[in-house]
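Okay, so here's the structure we're looking at.
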Amino acid sequence: QKEVEQDPGPLSVPEGAIVSLNCTYSNSAFQYFMWYRQYSRKGPELLMYTYSSGNKEDGRFTAQVDKSSKYISLFIRDSQPSDSATYLCAMTMNTGFQKLVFGTGTRLLVSP
Amino acid sequence: GAVVSQHPSWVICKSGTSVKIECRSLDFQATTMFWYRQFPKQSLMLMATSNEGSKATYEQGVEKDKFLINHASLTLSTLTVTSAHPEDSSFYICSASFGNTGELFFGEGSRLTVL
Chain A
6 QKEVEQDPGP LSVPEGAIVS LNCTYSNSAF QYFMWYRQYS RKGPELLMYT
56 YSSGNKEDGR FTAQVDKSSK YISLFIRDSQ PSDSATYLCA MTMNTGFQKL
106 VFGTGTRLLV SP
Chain B
1089 GAVVSQHPSW VICKSGTSVK IECRSLDFQA TTMFWYRQFP KQSLMLMATS
1139 NEGSKATYEQ GVEKDKFLIN HASLTLSTLT VTSAHPEDSS FYICSASFGN
1189 TGELFFGEGS RLTVL
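Just so you know, the protein sequences line up as chains A and B, in that order. Per my numbering, the very first residue in the first sequence carries number 6; after that it's consecutive. Per my numbering, the very first residue in the second sequence carries number 1089; after that it's consecutive.
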C-alpha cells in the first residue's frame, strides 16, 4: 500500500465550478500537509500548508485536513482555466519541509 | 518567490555513460537541497538530501555510488548518474530549502532518457 494515495485524474470541469481534490494516507505520524501546483514543464510551487485538522482558507483555495480519517482535501472555488495544472499533495512527519512524501498528483483541466 | 534553476531540462544518453544534472538557487543561499525522482504515473520520491559542505544523505534503496551528489557551494548542487542504464530513465527534480520556514522551491526538472 502506498503511503499517500491520490487519484491521477484527469479531472475535467467547466470554468466557475468548485473543484475538490483529495488524498488519503496511511501513516498516522504525518503532521504537516501541503498542496503543490505544478504547471507543465515547471517545478511544483507551494499553494497551501497546514498543520492541524480543520480548514485553512487562502483566496479561492481551501485546504482541509481530517487526521482521524487520514484524509486531506483541496477545494478550489470559481475555478479558472489558469487553474489547469497538476495538483500534488505532500506530507511529512517533521517540522518544515523535510522528507516530504508526495501523492502522484491529480491533473486538473478547467475548460472556458 | 525564490528561484531554483535546473539544467539540463532533458538529456538523452547512451547506456553506460554518466550524466550530470545541476541545481542552482539563483537568488538565495541554500544550505540544504533535495533530489527527487519521478517515474511515469508515480509520485515524486525523495532520493537524497544534500547539505552544503558535507556528504549527502541517501534514502533507503538509493545507491550512493550510482547517484553522486555534490553540494560544493551554497547555490549549487549536482547529481551525477553514473553508468546510466535504461531503468534510470526518469524525471529528476531538485528543490532548495529557503529561509527560516525551510519552504522548498523546486527546479523545473530534468528528464533523463537512457538508450
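Think of the CB as a built atom: it goes at the ideal place given N, C-alpha and C, for glycine as much as any other residue. This structure is a prediction, so every number in the text was calculated from the model and none was measured.
Residue i - partner residues in DSSP beta bridges
i: G1195/B; result: Paired residues: none, contrary to the question.
i: S59/A; result: Note on identity: in this sequence residue 59/A is Gly, with Ser being the wrong assignment. Beta-bridge pairing links G59/A to V70/A.
i: Q43/A; result: T91/A
i: N27/A; result: S78/A
i: F1155/B; result: V1169/B
i: K1108/B; result: T1168/B
i: S1139/B; result: Per the sequence shown, residue 1139/B should be read as Asn rather than Ser. Looking at the DSSP assignment, N1139/B forms a beta bridge with T1120/B.
i: S1185/B; result: L1192/B
i: M53/A; result: W40/A
i: S1202/B; result: Residue identity check: residue 1202/B is Val in the sequence provided, not Ser. V1202/B pairs with C1101/B.
i: V115/A; result: V18/A
i: E10/A; result: T29/A
i: M96/A; result: F38/A, V106/A
i: S1113/B; result: V1092/B
First through last residue of the beta strand (DSSP E) which encompasses residue i
i: R1125/B; result: 1120-1126
i: D83/A; result: From DSSP, D83/A is part of no beta strand (DSSP E); its letter is neither H nor E.
i: H1095/B; result: 1092-1095
i: T109/A; result: Neither: T109/A is in no beta strand (DSSP E) and is coded neither H nor E.
i: V1099/B; result: 1098-1101
i: N15/A; result: It is Pro, not Asn, that sits at residue 15/A in the sequence shown. Run containing P15/A: none; DSSP gives neither H nor E here.
Proximity test, Cβ basis, 8 Å: residue i and chain A
i: T1189/B; result: yes
i: K1129/B; result: yes
i: E1196/B; result: yes
Neighbouring residues, chain B, relative to residue i (Cβ below 9 Å)
i: L118/A; result: In the structure displayed, chain A extends from 6 to 117; residue 118/A sits before or after that span and is not available.
i: V9/A; result: S1131
Cutoff 8 Å: residue i Cβ touching any chain B Cβ
i: K47/A; result: yes
i: P13/A; result: yes
i: L114/A; result: no
i: G64/A; result: no
i: F102/A; result: yes
i: L51/A; result: yes
Under 7 Å from the C-beta of residue i: neighbouring residues of chain B
i: T109/A; result: K1129, Q1130, S1131
Partners in chain A for residue i, counting only beta-carbon separations shorter than 9 Å
i: V1092/B; result: G48
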